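Please read the structure below before turning to the comments.
This is the structure in structure tokens:
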């Protein structure tokens, strides 16, 4: 059953609805405990500073995952600037609006085990350093990129920015091992700094790099990951026309990073089929 705040209707003049003027977080909750909660709150705080939207009281946010009950759930909450202002000019004293929902969640262990197929997207992400890293509500580029394919066997799309640099997948971060070194794209111009990515950067020798898509072809192993799904090894990468350009055999090299990531999410660290 999906749980949501009963009175949470968003009026037409809400700035999040009208302009994407807001932030959101999507959090894995296990038995009422939010995973990577500190990382989610840190990113929300960064976003609130960038957009100038006051945060709700800490206790208002902290009680949200407690309502999930037993089992796995996904908590999604959206913080908008609220209503008011004149056109694009926001109010100097905003009254933020917080809406949320909790929904049961089942991960996809077959993707942990066998890996996934992804493809390059034609769409290029706009470079805007002010918004880089935060999870704001303007996600039209990701929506357009996701419309580029309908094949259910393709799990994700790989995105570059307008300068040709690797950035992310449509809803996951990218990681790879190349020449024995773990790498992930630097996100100073665009992209979402995922909470699982942040946690791995703090714990591992994971290097942020500015590279083009050729880095994936050169990699010994590639992963797609976020704080909801965990890490999916990449078994096949296609170009934007659907033609395979690299395949990988999923093995021990892939499992090592999965073990580190899944320990943070209380997911299985054994991947026997």
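Residue numbers (my numbering): 30 to 302. C-beta: ideal position from N, C-alpha, C; glycine also. Bear in mind that the values here come from a model prediction, so they are computed numbers and not experimental data.
Of the candidates 166, 155, 120 and 58, 166 places its Cα closest to the Cα of residue 73. Boundaries of the beta strand (DSSP E) around residue 276: 273-276. Counting only runs of 4 or more residues that sit fully inside the region 117-156, the alpha helix (DSSP H) segments are 138-143, in chain order. The beta carbon of residue 119 lies closer than 8 Å to those of 44, 50, 81, 110 and 113 in the same chain, with the five residues before and after it left out. The beta-carbon separation of residue 147 and residue 71, rounded to 28 Å, does not stay under the 8 Å limit for a contact. The alpha-carbon separation between residue 270 and residue 263 amounts to approximately 18 Å. Beta-carbon to beta-carbon, residue 238 and residue 212 are separated by about 5 Å, close enough to satisfy the 8 Å threshold.
With distances taken between CA atoms, residue 288 lies nearest to 252 out of 252, 242 and 190.
Taking 8 Å as the upper bound for CB-CB distance, residue 129 and residue 93 are in contact here, some 6 Å apart.
Minimum Cα-Cα distance from residue 75 among the listed residues 273, 135 and 224 corresponds to 224. Beta-carbon to beta-carbon, residue 244 and residue 195 are separated by about 6 Å, close enough to satisfy the 8 Å threshold. Rounded to whole angstroms, residue 102 and residue 187 show a C-alpha spacing of 27 Å. About 14 Å separates the beta carbons of residue 277 and residue 140, which is beyond the 8 Å limit, so they are not a contact pair.
Our two residues, residue 144 and residue 281, have alpha carbons roughly 13 Å apart in a direct line. Taking 4 residues as the minimum length, the alpha helix (DSSP H) runs contained wholly in the region 147-207 are 169-175, in order along the chain.
Each residue's CA atom was taken as its position, placing residue 215 and residue 248 some 17 Å apart. By the C-beta criterion, the region 148-160 is judged to be in contact with the region 170-178, since at least 3 inter-stretch pairs fall below 8 Å. Counting along the chain, the unbroken beta strand (DSSP E) around residue 265 starts and ends at 259-267. In this structure, residue 221 lies away from residue 259, with their beta-carbon atoms at least 9 Å apart. The residues 224, 227 and 228, in chain order, have a CB closer than 7 Å to that of residue 68 in the same chain once the five nearest residues on each side in sequence are set aside.
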